[in-house]
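Following: one structure in structure tokens, then a few remarks.
Number of protein chains: 2
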Amino acid sequence: MASGSSNKVDDFHETSITIEGDHSTMVEIHKVCLPPNKTIFQSIKHNFSEIFFPDDPLHKFKNQKPSIKFLLGLQYFFPILQWESDYNFKLLKSDVISGLTIASLAIPQGISYAKLANLPPIHGLYSSFVPPLLYAVLGSSRHLAVGPVSIASLVMGSMLKEVVSPTEDPTLYLKLALTSTFFAGVFQTSLGLLRLGFIIDFLSKPTLTGFTAGAAVIVGLQQLKGMLGITHFTPKMQIVNVLSSVFSTTKEWSWQTVVMGMCFLIFLLATRHISIKKPRLFWISAAAPLASVILSTVLVYVLRAHTSAISTIGHLSKGLNPPSANMLSFSGTHLALAVKTGIVSGILSLTEGIAVGRTFASLRNYQIDGNKEMIAIGVMNMAGSCTSCYVTTGSFSRSAVNFNAGAQTAVSNIVMAATVLITLLFLLPLFYFTPNVILAAIIITAVIGLINYQEVIKFWRVDKFDFMTCLIAFFGVLVFSVQMGLAIAVGVSIFKILMNVTRPTTMVLGNIPGTQIFQNVGRYGDAKRVPSFFILSIESPICFANSAYLQERILRWVREEEERILANKEQDMKTIVLDLTAVTAIDTNGLEAIVEIRKMLDKRSYKLVLVNPVGQVMEKLETSRTLELFGEKGLYLTVGEAIADISKRFKIEV
Amino acid sequence: MASGSSNKVDDFHETSITIEGDHSTMVEIHKVCLPPNKTIFQSIKHNFSEIFFPDDPLHKFKNQKPSIKFLLGLQYFFPILQWESDYNFKLLKSDVISGLTIASLAIPQGISYAKLANLPPIHGLYSSFVPPLLYAVLGSSRHLAVGPVSIASLVMGSMLKEVVSPTEDPTLYLKLALTSTFFAGVFQTSLGLLRLGFIIDFLSKPTLTGFTAGAAVIVGLQQLKGMLGITHFTPKMQIVNVLSSVFSTTKEWSWQTVVMGMCFLIFLLATRHISIKKPRLFWISAAAPLASVILSTVLVYVLRAHTSAISTIGHLSKGLNPPSANMLSFSGTHLALAVKTGIVSGILSLTEGIAVGRTFASLRNYQIDGNKEMIAIGVMNMAGSCTSCYVTTGSFSRSAVNFNAGAQTAVSNIVMAATVLITLLFLLPLFYFTPNVILAAIIITAVIGLINYQEVIKFWRVDKFDFMTCLIAFFGVLVFSVQMGLAIAVGVSIFKILMNVTRPTTMVLGNIPGTQIFQNVGRYGDAKRVPSFFILSIESPICFANSAYLQERILRWVREEEERILANKEQDMKTIVLDLTAVTAIDTNGLEAIVEIRKMLDKRSYKLVLVNPVGQVMEKLETSRTLELFGEKGLYLTVGEAIADISKRFKIEV
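As you go down the protein sequences, you meet chains A and B in turn.
In the working numbering, each residue carries its 1-based index in the first sequence increased by 1440.
In the working numbering, each residue carries its 1-based index in the second sequence increased by 1440.
As structure tokens, this is what we get:
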């Protein structure tokens, strides 16, 4: 690699170096600059804005008139105002069609997921009414369809059920569920307001994939209760308990339920399969749940004389969401449980909501603001907890159907809410004969879709550690509990980051002849070691977690290089060049390590030079006076310049 | 920067590029290589040996005869065999002198530190007898002087005292102390055997500085009991409790004790000051504690009619360490406490021992093996717990005196142990009149030395975050407790590593004219943006914790660049170059982020090219088929080659 062009040979001469040859040329050495001086206040401000405002949310407000600033501010808090002025009949038509489509999915899903959370089915419908309306006003995604989701329902159900029985003390259970929902909302809103949205980034894809698959297996197994018509079922969630409960109650199995359940399950899975194969036929799987509900209800009604063994939903009282603020309790022995459940279900629903929002935003090439979304979802849950709703968020299945049905704006959420409203006011008696087994079949179909085995295969192929994290999350959920599995997997992911820092890669660089490129000699066959130099590159920040390791490792490299030189009878090593290009940060331990390495190499009469420290590393080398130790000839901008300059001086010395 | 030399102009032409000009030349483009293929087994083996055997401890064994291998193996486990053959009278003379010097320090220190751990003073002497003998055989440091140390004594004392009172139930307390010592030994040995020594690296220097200073303040305050002659003192360790206890017991203060204590404290501090100013006079501060003990004992004995208010050590029963294996208890309600105390005091004593060992090894240019040291210290503590010793390790103050007194090998530890043996057998009655206040004065002098304010000033100057960590550890210890302070500080240090990864630096690169150097345009004034290119460099692994951030941040960079170009009416941006040189690792989330960024830039009609992925990143780009998306012209070895090749094609297209 060289610079300049053929009519710039002067430049070339000035900057060229001689590595092996004896034809000395002028060497232009570039100085390593310090970054521009910053006051403490400036650097705190910079760090603060990078941590909390990386997306620069106020950039639209710059250089605007106050009136426009006010309008932008309103639009910031109520994104509905961004598009309402351009709204027209054509958009409305698309939104009505998609709204009706998702409503047909939302009603059976709402009832089923409420059962998953061990709540009365009606709360699933309540939760598909108030939250979507609020999201339509506050949310920044145009395709997110809001309602209860399987993972959050399951987590809330399993965490609360371990302490309070939903059948023995349904009032306390409901109170706890609503209080948890409130805390979930508070937690979500606070994350958004404090701009701590990055916390959800710590749920990596492998963690979520494994966690979701584990949760799906647990939920699927729980549905055996409904599918087999068992009445006495274990309240535990662990796989061993569930299976032993299933096989110890074989006498309770009802063949009518099993037959009906299997038929509808096959029907639902078949429609799902069709929609996956031909995405244009998405409406088949979208309509299937409602069709199943209607068909099975009619069947049970017609055959009601012969199907007493099939349990049905029974009476649902008509009417709008009753206010429930009085159900929230902020004291008592179960407060800690409610807070914990709120945080876990809150963070999981947030993760799903934001991931789904981002997915569809990127398909339509707009951006959603993570922190703003958190506030919207949080407010929706806080308001929901006062109107008999439990945790809701942007649902993946519903949003996919919404998107495929051609939704253009959040108006489709309003249409869905209106349909649910009509159902709540007038259609509830129709669900009297809806068999519970059909809800179990709908849930099983939904959770099977959550097991993403292709992704797991990809982890194995691309990144063994991600694969391991995924398995740990999966088995953690199955063997311990939902929250333990999640905690372990997050711990393992963080451990991996720490291991990366604790045991950074160091590599020996060589020169690709005829160029200024220095690359790993182990990887680039044509990269050759430069005689009397030993060039090492460190690939991580140097900090307390690795400073002792790096000292040892560098000495080992030097020892091995000495042995190699001795074996090959090569020219003795004189200078060790430490390429700091990839050292992205340094702390006081790291600075001491550098001093220590220099001292030890000095004792063995090797010279150590540093190359290309990045801005903040350079700053710290300077303020800690480490640079003074190295002197003027101990720091270079590029490996090439270091070698050129030092070998020139070798010759002078000789 | 350019390559080749003046008689290699052909090379130069082949590799030169044209950035602005229109004088097209040939461009030699280097391919980015995949690293050599490794099987899963090989890469697991490589990672495993980097994590657990970075120092390659078996390298001496390579290509040796079996008999030599056996000898080396023996020497590995018993480092004493490494130097015994070269041992001579001259070395012995040095070792005897230094051994006697540290013994004169060890006896009063042993008695004082045992009091710090709330144990009978005699256990401090026991602990200066067995462990040094064992260390002399097993340890690899030649200057480490072994015995009880202030931090570990203090931590053990404070953790056990919170649950069991040493005055009300001394037998249970002693049992717990010995059991904790046993667990400390087990923990230390296991860390060494499992080669998990890097765990102590997580106690960064700022953490330790703050923690030690906090502990020193607490211990110093605790000594007010002895200095003021208070008999009813709070068992709590928190600063508020201690101070209120001091001022609520003013009636108990004994003026004789206060006068004597202050005099000796001033004497000890003065000798310490002299030795710091003139390191050659180290023996003054080394001899001062023993001199104080002798002087004060004589004083109290002579004036015994008038000094009944001064409490003394009293009767110490003569004799060697009694066996105490029967005192270890591995059941009961206090087991968890013993394990916890063992782990905390074990890790702290390990940290001190290894840090001290490393310090003196580096002064004499030899290396100690961290994992081997852990085994030595662990075995010494396990054996100690069976012979009435409590936690011991390499002590900083003693080792410094040892080193200054000219110690050459671990024989000085043996000499010290022999002196302690004589004391235990014959001299104990002499301590009957030794006043407790003198021990308090010795402890205060010792802990004042632990407050390293210069270091704190350096943290402030060099690294504000390290300064903060240090303060957090300090106040954590003062306000909460010793173990909480430590835990919080470690948490904060790890949080910093995570924040570094979560919010990595991204920077815009420009070309330094006439060279192939691309540097941060914000830092290098002469680095100029290359027209129609936008070059970004990412300075961290791309992983789950930052993939969402990086997507957002890169889009923001592009948006800001568009605005800049518009404002300055510059040439439109066509290609975005992502320099991955400092991206040291990538995971599946990171790979998806790259695909996502490419997709989003594609929608805005920008071309994205990647530059210089390191080995494992390249591997993963390949196995995940991300590279296929980029095609042949989407990956370059250097920024310069990317720009040269792409601008050549611009011209062809135009």
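Using N, Cα and C, we set each Cβ at its ideal position, and we do this for glycine too.
### Message
At the 8 Å Cβ level, is Trp2067 (chain B) part of the contact set with chain A, yes or no?
### Response
Checking the sequence, you will find Leu at residue 2067 (chain B) rather than Trp. With 8 Å as the cut-off, Leu2067 (chain B) does not count as an interface residue toward chain A.
#### Entry: Cβ neighbours of Asp1450 (chain A) in the same chain (closer than 6 Å, five flanking residues each side left out)
Since pLDDT at Asp1450 (chain A) reaches only 37, below the 50 mark, its modelled position is unreliable, and the value read off the structure follows with that caveat. Within the same chain, Asp1450 (chain A) has no close Cβ partners at all.
### Message
Could you give the first and the last residue of the continuous alpha helix (DSSP H) run that contains Val1796 (chain A)?
### Response
1775 to 1803
### Query
When DSSP builds the beta bridges, which residues end up paired with Tyr2076 (chain A)?
A:Val2051
### Task
Drop a sphere of 10 angstroms on the beta-carbon of Asn2008 (chain A), count the other beta-carbons inside from all chains shown, and report buried for 16 or more, exposed for fewer.
exposed
### Bounding residues of the beta strand (DSSP E) (the contiguous stretch that carries Ile1975 (chain A))
1973 to 1978
### Message
My output table needs one value for Gln1959 (chain B): the three-state DSSP class, helix, strand or coil.
### Response
strand
### Query
Taking the DSSP output, what are the residues bridged to Leu2018 (chain B)?
B:Leu1976, B:Leu2050
### Query
Is any beta-carbon of chain A found at less than 8 Å from that of Asn2008 (chain B)?
no
### Query
Is Thr2021 (chain B) buried or exposed, if buried means 16 or more other CB atoms sit within 10 Å of its CB?
Classification of Thr2021 (chain B): buried, given that the 10 Å Cβ count is 16 or more.
### Task
In the DSSP assignment, find the alpha helix (DSSP H) that holds Thr1649 (chain A) and state where it starts and stops.
1645 to 1662
### Query
Name the chain C residues whose beta carbon is nearer than 9 Å to that of Leu2031 (chain A)?
The structure shown contains no chain C; its protein chains are A and B.
### Query
Going by DSSP, what residues sit across from Thr1833 (chain B) in a beta bridge?
B:Gly1587.
### Message
Starting from Thr1863 (chain A), trace the beta strand (DSSP E) in both directions and tell me its first and last residue.
### Response
Premise fails: Thr1863 (chain A) is in no beta strand (DSSP E) and is neither H nor E.
### Task
Tell whether a beta-carbon distance below 8 Å holds between Thr2024 (chain A) and Glu1979 (chain B).
yes
### Query
With 8 Å set as the bound, which would you pick, yes or no: does the beta-carbon of Ile1952 (chain B) sit closer than that to a beta-carbon of chain A?
yes
#### Entry: Residue closest to Lys2060 (chain A), alpha-carbon to alpha-carbon, out of B:Phe1935, B:Asp1903, B:Leu2006
B:Asp1903
### Task
Step through the CB atoms of chain B and report whether any lies within less than 8 Å of the CB of Arg2089 (chain A).
no
### Query
By Cβ distance, which residues of its chain are closer than 8 Å to Arg2038 (chain B), with the 5 residues on each side in sequence left out?
Leu2048, Leu2069, Phe2070
### Message
Any beta carbon from chain A within less than 8 Å of Leu1938 (chain B)'s own beta carbon?
### Response
yes
### Task
Taking Ser1684 (chain A) as the reference, give the member of A:Ile1994, A:Gly1625, A:Phe1673 with the closest Cα.
A:Phe1673
### Task
Measure the CB-CB distance between Gly1834 (chain B) and Val1626 (chain B) and report whether it falls below 8 Å.
Contact: no.
### Message
By the three-class DSSP mapping on this structure, what secondary structure does Thr1465 (chain B) have?
### Response
In this prediction, Thr1465 (chain B) scores a pLDDT of 48, lower than 50, which makes its location untrustworthy; the coordinate-derived value is nonetheless stated afterwards. Reduced to three states, the DSSP call for Thr1465 (chain B) is coil.
### Query
Comparing the C-beta of Ala1880 (chain B) with each C-beta of chain A, is any distance below 8 Å?
Answer no: the Cβ-Cβ gap between Ala1880 (chain B) and chain A never drops below 8 Å.
#### Entry: Helix, strand or coil at Asn1844 (chain B) according to DSSP, with G and I counted as helix
helix
#### Entry: CA-to-CA distance, Phe1704 (chain A) to Ser1732 (chain A), given in whole angstroms
7 Å
### Query
When DSSP labels each residue in this structure, what does Gly1539 (chain A) get in the three-state scheme?
helix
### Message
Tell me which residues share the same chain as Leu1995 (chain A) and place their Cβ nearer than 7 Å to its Cβ, disregarding the 5 neighbours each side in the sequence.
### Response
Met2040
#### Entry: Neighbour flag for Thr1849 (chain B) against chain A, beta carbons, 8 Å
no
### Query
When you compare each of B:Arg2065, B:Thr2066, B:Asn2052 to Glu2081 (chain B) by their alpha carbons, which one comes out closest?
B:Asn2052
### Task
Determine the contact status of Ser1852 (chain A) and Gly1513 (chain A), defining contact as a CB-CB distance below 8 Å.
no
#### Entry: Which of helix, strand or coil DSSP assigns to Met1947 (chain A)
strand
### Task
Identify the continuous alpha helix (DSSP H) that holds Ser1825 (chain B) and give its terminal residues.
Taken as a continuous stretch (DSSP letters only), the alpha helix (DSSP H) holding Ser1825 (chain B) covers 1810 to 1825.
### Query
Per DSSP, what kind of secondary structure is Thr1607 (chain A) in: helix, strand or coil?
Coil, per DSSP.
### Task
Could you tell me how far apart the beta carbons of Leu1643 (chain B) and Gly1597 (chain B) are, in whole angstroms, since I believe they sit closer than 8 Å?
The Cβ separation is near 20 Å, so there is no contact.
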